[in-house]
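Everything in the sequence shown is counted per the numbering used here, starting at 2 for the first residue and increasing by one. Just so you know, even glycine gets a beta-carbon here, dropped at the ideal spot from N, CA and C.
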Amino acid sequence: MGINYGILILITFLLCLFMIFRKIIRLHEGRYFVVIILLFFMTESLLEKQMGVYFFGLLSLLMYNVTTETVENQ
């Protein structure tokens with residue numbers, strides 16, 4: 002039962018990363034940010050701790066909001 006939730010959450014997590022990356026493909030700073038975060042996720046167990054989940058949630062919302070406003074203004 003637990004593995005089913007793990008796969009569902011993994012798909013949701015990857016979908017969130019894909020949506021953010023698709024929005025910021027035109028912005029160089031955003032592209033670098035996503036690459037750095039992905040490298041950090043591969044080397045650290047960031048999402049195993051509560052603060053890591055807060056970190057990812059906050060930064061993904063900020064990146065989504067900033068890129069939406071920036072793309073609309075251009």
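Checklist entry - Comparing alpha-carbon positions, which option in Gly31, Phe57, Arg32, Phe34 lies nearest Phe14? => result Here residue 14 corresponds to residue number 13 of the sequence shown, with the count starting at 1. When only C-alpha atoms are compared, the closest one is Phe57.
Next on the checklist: Between the alpha carbons of Leu16 and Ile25, how many angstroms are there, rounded?
Outcome noted: Here residue 16 refers to the residue found at position 15 of the sequence shown. Here residue 25 refers to the residue found at position 24 of the sequence shown. Taking the straight line from one Cα to the other gives about 14 Å.
Checklist entry - Quick one: is Met20 buried, meaning 16 or more other Cβ sit within 10 Å of its Cβ, or exposed? => result Indexing the sequence shown from 1 puts residue 20 at position 19. Exposed, because fewer than 16 other Cβ atoms sit within 10 Å of the Cβ of Met20.
Checklist entry - CA-CA distance, Met64 and Leu9? => result Here residue 64 is taken as the residue at index 63 of the sequence shown, counted from 1. Here residue 9 is taken as the residue at index 8 of the sequence shown, counted from 1. Roughly 23 Å between the two C-alpha positions.
Next on the checklist: Against chain C, does Met43 count as a neighbour if the rule is that its beta carbon must be under 9 Å from one of theirs?
Outcome noted: Protein chains in the displayed structure number just one, and chain C is not present.
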